[in-house]
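What follows is a set of notes on a single structure, which appears directly below.
Residue numbers (the numbering used here): 9 to 433.
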């Protein structure tokens with residue numbers, strides 16, 4: 009039910025969704041760099057921006073430069089990692105993460121929209137349990153599997169560890185503080201900052217009519233990349249603890265999350281369409297004629313089995329078998345509600361013989377020609393009950409116990425069939 013209070017005030021206003029909270033968190037990490045030579049984060053942001061916004065470099069030149077830099081100690085490319093997250097979340101907000109198609113003749117050529125992404129993700133939280141019998145999160149399709157970066161997944165934690173961004177900021181602060189008292193580390197952080205700055209200055213100087221600048225570009229990029237190996241070694245030597253291993257883990261957590269979200273969202277239209285069609289097909293299975301038709305035209309064995317077994321499985325469904333209680337208690341309830349045991353006294357030979365004739369395990373053909381005593385004996389023989397040297401009353405007592413247990417076993421079997429038919433597999 010929609011909350012109506014405050015609804016009228018929203019009618020003429022837009023929610024103005026943004027990734028500002030994430031940007032603020034990124035800027036908080038970036039602010040560790042005081043731009044005085046003891047840190048390198050700020051210069052990495054500047055390099056990434058200078059490459060991507062350069063109007064002279066070709067796309068391949070940009071990609072080559074970015075790849076060379078990123079390949080040089082990827083866990084230390086903090087500026088690149090965080091810029092990618094910001095750029096990724098911005099593409100979700102404006103919908104461009106789902107690119108348009110020139111073949112779609114609409115204003116935006118079918119480009120995605122944030123409201124579409126939200127609606128699709130919400131729908132998956134319902135359709136996946138309906139089809140798979142598990143939560144959307146179990147299929148890596150939960151809300152945070154699509155929108156975790158926007159939902160502060162890097163600022164919050166569900167275990168004893170600090171959030172990802174908190175851990176990253178603390179390490180950057182340790183590097184900054186150590187560089188101020190360790191000249192060996194300070195020298196290399198200054199070198200990284202200097203080579204990055206030189207690369208940015210060169211990129212800003214390139215104009216459209218520049219002569220061949222590829223060699224100079226390569227030299228600048230390689231110099232910046234080369235300093236990262238030294239930085240990695242110096243950080244490992246200067247800081248106590250497994251700092252490098254932690255930076256690798258942080259990088260993996262961030263990039264894996266972005267990769268998961270990107271994969272999920274870019275393919276969400278196809279995925280939602282597939283689930284919707286499958287739900288539609290299963291709903292049509294209740295029609296016997298359509299069910300038979302689909303079984304004939306389907307080329308998938310699993311679908312064929314579903315349609316062909318549908319009627320039998322449907323007969324196994326019984327609402328009285330779905331009471332939320334333990335199995336033994338449920339069997340007791342159904343057993344009693346079914347009027348069982350229907351014969352209480354094994355000395356009542358007629359009643360025991362009549363019950364035997366209702367037992368599906370016993371072939372009672374021509375039983376009418378036998379005496380009650382003979383019917384009881386023959387029933388025992390068919391059920392594998394020993395009859396030698398036993399009185400009719402003893403046989404009747406064992407036979408009744410056997411049949412009463414069979415009644416309970418049959419209820420248990422029906423419970424199992426109901427559970428099987430009602431369990432998504």
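Glycine residues also receive a C-beta, built at the ideal position from the N, C-alpha and C atoms. Keep in mind the model is a prediction, meaning the values are calculated, not measured.
State buried or exposed for residue i, treating a residue as buried only when at least 16 other CB atoms are found within 10 Å of its CB.
i, result
"residue 315", "buried"
"residue 267", "exposed"
"residue 135", "buried"
"residue 3", "Absent from the structure is residue 3, since the part of the chain shown begins at 9 and ends at 433."
"residue 387", "buried"
"residue 48", "buried"
"residue 365", "exposed"
"residue 288", "exposed"
"residue 345", "exposed"
"residue 204", "buried"
"residue 235", "buried"
"residue 262", "buried"
"residue 434", "Outside the displayed span of the chain (9 to 433) sits residue 434, for which this structure offers no information."
"residue 216", "exposed"
"residue 339", "buried"
Among residues of its own chain, excluding the 5 on either side of residue i, which ones have a beta-carbon nearer than 8 Å to its beta-carbon?
i, result
"residue 270", "96, 105"
"residue 73", "59, 65, 225, 229"
"residue 265", "156, 157, 161, 162"
"residue 175", "169, 254, 258"
"residue 238", "196, 199"
"residue 306", "312, 315"
What's the gap between the Cα of residue i and the Cα of residue j?
i, j, result
"residue 372", "residue 291", "43 Å"
"residue 443", "residue 422", "Residue 443 falls outside the range modelled here, since the chain spans only 9 to 433, and no answer is possible."
"residue 185", "residue 94", "27 Å"
"residue 68", "residue 78", "15 Å"
"residue 137", "residue 283", "11 Å"
"residue 374", "residue 363", "16 Å"
"residue 111", "residue 103", "18 Å"
"residue 5", "residue 140", "Here the chain comprises residues numbered 9 to 433, so residue 5 is not present and cannot be evaluated."
"residue 83", "residue 26", "27 Å"
"residue 29", "residue 164", "13 Å"
"residue 6", "residue 131", "This structure does not reach residue 6, given that the chain is present from 9 up to 433, and the question cannot be answered."
"residue 414", "residue 420", "10 Å"
"residue 87", "residue 322", "58 Å"
"residue 91", "residue 53", "7 Å"
"residue 124", "residue 278", "13 Å"
"residue 395", "residue 367", "19 Å"
"residue 369", "residue 402", "20 Å"
"residue 221", "residue 121", "40 Å"
"residue 42", "residue 50", "8 Å"
"residue 182", "residue 44", "16 Å"
"residue 171", "residue 145", "20 Å"
"residue 300", "residue 427", "24 Å"
"residue 411", "residue 390", "12 Å"
"residue 250", "residue 46", "21 Å"
"residue 285", "residue 304", "18 Å"
"residue 71", "residue 296", "57 Å"
Looking only at its own chain, which residues have a Cβ that is under 6 Å from the Cβ of residue i, when we skip the five neighbours before and after it?
i, result
"residue 211", "58, 62"
"residue 276", "128"
"residue 193", "186, 187, 242, 246"
"residue 393", "406"
"residue 357", "380, 404"
"residue 152", "159, 161"
"residue 166", "none"
"residue 302", "315"
Going along the chain, which residues of its own chain have a beta-carbon closer than 7 Å to the beta-carbon of residue i, five neighbours each way excluded?
i, result
"residue 360", "351, 354, 384, 404, 407, 408"
"residue 107", "119"
With respect to 8 Å, is the separation between the Cβ of residue i and the closest non-hydrogen atom of the ligand ZN below this value?
i, result
"residue 262", "The ligand ZN is not part of this structure, which contains no ligands at all."
Just checking my contact of residue i with residue j at CB under 8 Å: how many whole Å lie between their CB atoms?
i, j, result
"residue 37", "residue 180", "6 Å"
"residue 55", "residue 207", "6 Å"
Is there a Cβ from chain C that is less than 9 Å from the Cβ of residue i?
i, result
"residue 144", "In the structure shown, chain C cannot be found, because there is only a single protein chain."
**alpha helix (DSSP H) runs contained entirely in the region 182-247, provided each spans 4 or more residues** = Qualifying alpha helix (DSSP H) stretches, in chain order: 191-213, 222-246.
**Message:** List, from N- to C-terminal side, the alpha helix (DSSP H) runs of 4 residues or more that fit wholly inside the region 283-311.
**Reply:** As far as the region 283-311 is concerned, its whole alpha helix (DSSP H) runs of at least 4 residues are 296-305.
**Asked** Which ranges would you report for the alpha helix (DSSP H) in the region 122-173 if only whole runs of at least 4 residues count?
**Response** Fully enclosed alpha helix (DSSP H) runs of 4 or longer: 122-140, 151-155.
**Request:** Would you list, in sequence order, the uninterrupted alpha helix (DSSP H) runs of no fewer than 4 residues that lie entirely inside the region 340-407?
**Result:** If we require 4 residues or more, the alpha helix (DSSP H) runs fully inside the region 340-407 come out as 357-365, 380-390.
**Request:** Only counting runs of 4 or more residues, tell me where the alpha helix (DSSP H) segments fall wholly within the region 55-101, in order along the chain.
**Result:** Look at the region 55-101 and you find these whole runs of alpha helix (DSSP H), each 4 residues long or longer: 67-79, 86-101.
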